[in-house]
Every structure is written in C-alpha cells, then in structure tokens.
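Since the structure comes first, as structure tokens, the remarks are kept for the end.
Numbering (the working numbering), first residue to last: 206 to 271.
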C-alpha cells in the first residue's frame, strides 16, 4: 500500500472520528457532519480509500436511525 493512500485513509479516519465526537458532545448537528464528510462517499471510492473505512462512514450516516 502506498504512503499516499495510507495518509489519505488516516486523514479520513481522523476526520470521521472527530466529527463523531463532536456529534456526541452536541457541538455539531448530524446533518452538518454529514455534509462535511459522509456525503462524498463516491469521491472517497475514486480516491481509492479502503472499502472498510467507506463502509464505516456509510454506517455513520445511519447513526440518527438508532
């Protein structure tokens, strides 16, 4: 796996975690977080982000349904 791909995946993972914490602490609404990160799943696929990370992010969009 290339260093560039690992860096991209790490960035997406950290951003996702940070937004999840912000939602939990009611700093940001879930709709705002979704607009910032979770909506562009197609772009993440095109960047070659690991499918497991994309699946986790997709699951994150369903948190409000719990």
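The beta carbon of each residue, even a glycine, is placed where N, CA and C say it ideally should be.
Check, Outcome
"Could you give the distance in angstroms between the alpha-carbon of residue 258 and the alpha-carbon of residue 231?", "24 Å"
"I'd like the list of long-range same chain contacts for residue 254, defined as Cβ closer than 7 Å, with 5 residues on each side in sequence excluded.", "213, 214, 217"
"Rounded to the nearest angstrom, how far is the Cβ of residue 238 from that of residue 224, given a contact under 8 Å?", "4 Å"
"Which whole-angstrom value describes the C-beta separation of residue 220 and residue 242, a residue pair presumed to lie in contact below a C-beta threshold of 8 Å?", "6 Å"
"Helix, strand or coil for residue 206? Go by DSSP, reduced to three states.", "coil"
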